[in-house]
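Enquirer: Pasting a structure here, questions to come.
In my numbering, the protein residues as written are 16 to 750.
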């Protein structure tokens, strides 16, 4: 009876200890991943709301994660009690850097890519690095006692905690808490974690000296467990971890370019990426096997659209790419788990996996933007995934005698047919033959599916499908030098209206166009016609007016300049300035050659303006459809008010496919401004685009002049209950 009680007691203790380690690891991962969107949100105002901010943050996080795994690998070689003391002391010292606060410096123009890593390291470097070590270090502590469970299960718990942190931030934390309260709450959580880590270590403290170290895997011999890891295996681990990490970041770029830069869209790809680890690293491999079966056909159906760049956003395609990311990540991580080493080499394994993730991030966030003028890295990573996934021929399901493509001759015939189909598909896409596109793409997908058992042949058909379905047109723009890329996005210059106009596209949004006929080059186009809100305001401006424009674009507004007026453009991206200064678009050169162009963040530069120095200030600074939140806060409006004269006008371009900004701006102008709104969309002449503008003024009389000029101005909608500030701004309620 006493023996039975002893056994039951040991089993209960084992379950309790396992639960404690699961909670500590899960809570540490929760803190680790809830802090990522939080600090990126803190940094967003200092980087102009660029979609690349999250990828910049991710590359820093991945290297800090690598540093954390390296720290766990090194400290794991020490005696257990020394590990506990060192880790507890370092956690306590890191706590002295809290609470988290953004660095006050702003990014130097043109140096954003190099400046951003230092910003994030200064904000959270020490705490993030130590948190990154938690999962692997505590798994080692857990496995240090004979009879402990499989430590790899705790890795799944770690990723579930990470996934929970990512979900909680955009849906609960950001909409309900300002940044300062978020920082204080996170700091309190970090202190709680230190206590939990010490409690977890205490459960192992008394077993020191009684255990042989890490429990070995019962499925491996002792010789296998202690054998050095081969170079081929390390390279496979690196590839299987680098490709999903790179895909996660390139998919994020697609999402934030097609929609906008905001925490909700940041965390969707990262959350699914982390969830894929939990699925792949669980003991049940059913889901991995199911997704392995469907992965090739999903690659063809969804990945085949990866090189379309027609200048029109397609949220459906972007969301399909997110689903494809999850499937590929589960499949590749499943293969990674199948190749895992004995638990005694656990820290080495996680260190290499983390290095692979960092390498994938370096390629996507740092190398690709320097090498490519478009998001070619996404297509390249999909091709790499096609080579890496485990697959069986779909024909083998019917029996080997049906698998004719096991013979090289038939493979060559199929590839020849795929090449012809890809050329025909490219012609059909260029001429807009909808029915032909569907038939030809379907035939290519069928060929790819039939070749699914042949790794190289399948990947080649997949490449031909991408090239035929928009890839050739995308490459053509690059080869002709009509596309450029900067930290703030991809810019394309293309012809419109059968060559009558030249058009500037940023991401998937048109940002200006110009007639090519000599007699029409100064004519306002796009969102800036004379019947638009901005067109009316500038047409009525005095001959000695001082005008400030935030956002240069193609420079269209410059042709409203009258002799004697003083104009200033505020543009964050030096690449945009080049389009106007090097003759691509000639609005500024022809109409306002002496205009002042200030490069850098507009809000920062407007702070330096003399009080009352502007009569008209126009905010037209959205990148693609991304909203620079820091330009639409109470603090920003205070800067605008200071820069404007008492009878000045503030105009804000709010055209957006996904968010209704009017109620928020009404709330911001509720106390100190008078406002009205102009929607310009009925019966527009050729070359003009529908637009929504809001005008605010300290003086009601100034607005009446505009109202007398046109009766189509409308009152602002009821103000939203929320009012954005530098500390609090959430787009979720405006979606």
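For glycine and all other residues, C-beta sits at the position ideal for the given N, C-alpha and C.
1. Between which two residues does the alpha helix (DSSP H) harbouring residue 464 extend?
2. Which residues does DSSP list as the beta-bridge partners of residue 504?
3. Between the C-alpha atoms of residue 592 and residue 586, what's the straight-line distance to the nearest angstrom?
4. Between the Cα of residue 551 and those of 527, 631 and 294, spot the shortest distance and give me the residue it belongs to.
5. Determine contact between the region 312-323 and the region 358-370, defined as no fewer than three beta-carbon pairs at a distance below 8 Å.
6. Please identify the residue among 69, 407, 38 and 702 whose C-alpha is closest to the C-alpha of residue 376.
7. Thinking residue 477 and residue 401 are a contact (beta carbons under 8 Å), I'd like their distance in whole angstroms, please.
8. Excluding the five sequence neighbours on either side, which residues of its own chain have a C-beta within less than 6 Å of the C-beta of residue 652, listed in chain order?
9. Entirely within the region 561-639 and at least 3 residues each: give me those beta strand (DSSP E) ranges in chain order.
10. Could you compute how far the alpha carbon of residue 730 sits from the alpha carbon of residue 291?
11. The alpha helix (DSSP H) with residue 662 in it runs from where to where?
12. Rounded to a whole number of angstroms, what is the C-alpha to C-alpha distance between residue 503 and residue 588?
13. What does a CB cutoff of less than 8 Å around residue 510 pick up in its chain, not counting 5 residues either side in sequence?
14. Whole-angstrom Cβ separation of residue 205 and residue 295, contact assumed at under 8 Å?
15. So, does the region 667-682 touch the region 692-708, judging by three or more C-beta pairs under 8 Å?
16. Check whether the region 566-575 touches the region 533-550, taking contact to mean three or more Cβ pairs, one atom from each stretch, closer than 8 Å.
17. Buried or exposed for residue 715, please, with buried defined as at least 16 other CB atoms from any protein chain shown within 10 angstroms of its CB.
18. What residues match up with residue 69 in a beta bridge as DSSP calls it?
19. Going by DSSP in three states, residue 245 sits in which element: helix, strand or coil?
20. Report all residues from its chain with a CB closer than 6 Å to the CB of residue 388; omit the five preceding and five following residues, and keep chain order.
21. Go ahead and pull the three-state DSSP assignment for residue 546.
22. Would you identify the three-state DSSP class for residue 199, choosing helix, strand or coil?
23. Helix, strand or coil: which one does DSSP assign to residue 719?
24. Return the residue from the list 288, 34, 262 and 660 that minimises the CA-CA distance to residue 174.
25. Can you list, in chain order, the residues of its chain whose CB lies under 8 Å from that of residue 101, leaving out five sequence neighbours each side?
26. Pull up the distance between the alpha-carbon of residue 147 and that of residue 397, whole angstroms please.
27. Does the beta-carbon distance from residue 48 to residue 177 come in below 7 Å?
28. Does DSSP put residue 707 in a helix, in a strand, or in coil?
29. Quick one: residues in its chain with C-beta nearer than 7 Å to the C-beta of residue 394, no 5 flanking neighbours on either side, listed in chain order?
30. Mind checking residue 609: buried by the 16 CB within 10 Å criterion, or exposed?
31. Compare the Cα-Cα distances from residue 407 to each of 362, 304 and 628 and report the closest residue.
32. Do residue 751 and residue 138 have their C-beta atoms closer together than 7 Å?
33. Where does residue 496 fall in DSSP's three states?
34. Assuming the contact rule is C-beta atoms closer than 8 Å, residue 642 and residue 667 should be a hit. Round their C-beta distance to whole Å, please.
35. Are the CB atoms of residue 380 and residue 264 nearer to each other than 7 Å?
36. For a quick check, are the C-beta atoms of residue 133 and residue 79 less than 7 Å apart?
Expert: Taking the coordinates as given:
1. In the chain shown, the residue the question calls residue 464 occupies position 449. Segment 449-465, the alpha helix (DSSP H) holding residue 464.
2. Translated into positions along the chain shown, residue 504 becomes position 489. Answer is 501, bridged to residue 504.
3. Working through the chain shown from its first residue, we reach residue 592 at position 577. Working through the chain shown from its first residue, we reach residue 586 at position 571. C-alpha separation (whole angstroms): 7 Å.
4. Indexing the chain shown from 1 puts residue 551 at position 536. It is 631.
5. Contact between the region 312-323 and the region 358-370 is absent, with fewer than three C-beta pairs closer than 8 Å.
6. Position 361 of the chain shown, counted from the first residue, corresponds to residue 376. Checking every option, the nearest Cα to that of residue 376 belongs to 69.
7. The residue given as residue 477 occupies position 462 in the chain shown. The residue given as residue 401 occupies position 386 in the chain shown. Sure, about 5 Å apart at Cβ, within 8 Å.
8. Taking the first residue of the chain shown as 1, we reach residue 652 at position 637. In the same chain as residue 652, and ignoring 5 residues on each side of it, the C-beta atoms closer than 6 Å to its own belong to 683, in chain order.
9. As far as the region 561-639 is concerned, its whole beta strand (DSSP E) runs of at least 3 residues are 561-565, 581-586, 611-614 and 629-634.
10. Within the chain shown, numbered from 1, the residue matching residue 730 stands at position 715. Within the chain shown, numbered from 1, the residue matching residue 291 stands at position 276. So the alpha carbons of these two residues sit roughly 49 Å apart.
11. One-based indexing of the chain shown puts residue 662 at position 647. Element bounds for residue 662: not the alpha helix (DSSP H) but the beta strand (DSSP E), 659-668.
12. Your numbering for residue 503 matches position 488 in the chain shown. Your numbering for residue 588 matches position 573 in the chain shown. Approximately 7 Å, taken between the alpha carbons.
13. As a working mapping, residue 510 is identified with position 495 in the chain shown. The residues are 516, 517 and 518.
14. Taking the chain shown and counting its residues from 1, the one referred to as residue 205 is at position 190. Taking the chain shown and counting its residues from 1, the one referred to as residue 295 is at position 280. For a cut-off of 8 Å, the C-beta gap from residue 205 to residue 295 is around 29 Å, too long to register as a contact.
15. In short, these stretches touch, since the Cβ pair count reaches three.
16. Judged by pairs of C-beta atoms under 8 Å, the region 566-575 touches the region 533-550, as three or more such pairs exist.
17. Counting from one through the chain shown, the residue named residue 715 turns up at place 700. Burial call: exposed.
18. Stepping through the chain shown from its first residue, residue 69 is reached at position 54. According to DSSP, which records beta bridges pairwise, residue 69 is partnered with nothing at all.
19. On the chain shown, position 230 is the one that residue 245 refers to. Coil, per DSSP.
20. On the chain shown, residue 388 is found 373 positions in, with the first residue counted as 1. Closer than 6 Å at the Cβ level, and outside the excluded window around residue 388, lie 493, 498, 499 and 500.
21. As a position in the chain shown, residue 546 is number 531, starting the count at 1. Here residue 546 carries a coil assignment [DSSP, helix/strand/coil].
22. For the purposes of this step, residue 199 is identified with residue 184 of the chain shown, where counting begins at 1. Helix at residue 199.
23. Residue numbering aside, residue 719 sits at position 704 when the chain shown is read from its first letter. Assignment of residue 719 by DSSP, reduced to helix, strand and coil, places it in the helix class.
24. Taking the first residue of the chain shown as position 1, residue 174 is located at position 159. Across the set 288, 34, 262 and 660, the C-alpha of 288 shows the shortest separation from the C-alpha of residue 174.
25. Along the chain shown, read from residue 1 onward, the residue named residue 101 stands at position 86. Within the same chain, residue 101 has close Cβ partners 90 and 93.
26. On the chain shown, position 132 is the one that residue 147 refers to. On the chain shown, position 382 is the one that residue 397 refers to. Within the model, the alpha-carbon separation for residue 147 versus residue 397 is close to 28 Å.
27. Position 33 of the chain shown, counting from 1, holds the residue named residue 48. Position 162 of the chain shown, counting from 1, holds the residue named residue 177. Taking a C-beta distance under 7 Å as the contact criterion, residue 48 and residue 177 qualify as a contact pair.
28. Here residue 707 corresponds to residue number 692 of the chain shown, with the count starting at 1. In the structure shown, residue 707 falls within a strand segment according to DSSP collapsed to helix, strand and coil.
29. As a first step, residue 394 is located in the chain shown; it is residue number 379 there, counting from the start. So the list reads 321, 322 and 481, once near-sequence residues are dropped.
30. Position 594 of the chain shown holds residue 609. By the 10 Å Cβ count, residue 609 comes out exposed.
31. Translated into the one-based positions of the chain shown, residue 407 becomes position 392. Comparing Cα-Cα distances from residue 407 to each of 362, 304 and 628, the minimum goes to 304.
32. This structure gives no information on residue 751, because the portion of the chain shown stretches from 16 to 750.
33. Within the chain shown, the letter at position 481 stands for residue 496. DSSP, read as helix, strand or coil, puts residue 496 in coil.
34. Mapped onto the chain shown, residue 642 falls at position 627. Mapped onto the chain shown, residue 667 falls at position 652. With 8 Å as the limit, residue 642 and residue 667 do not qualify as a contact, their Cβ atoms being about 11 Å apart.
35. As a first step, residue 380 must be located in the chain shown, where it is residue number 365. As a first step, residue 264 must be located in the chain shown, where it is residue number 249. The answer is yes: Cβ separation under 7 Å.
36. Taking the first residue of the chain shown as 1, we reach residue 133 at position 118. Taking the first residue of the chain shown as 1, we reach residue 79 at position 64. No, the pair does not count as a contact, with Cβ atoms beyond the cut-off.
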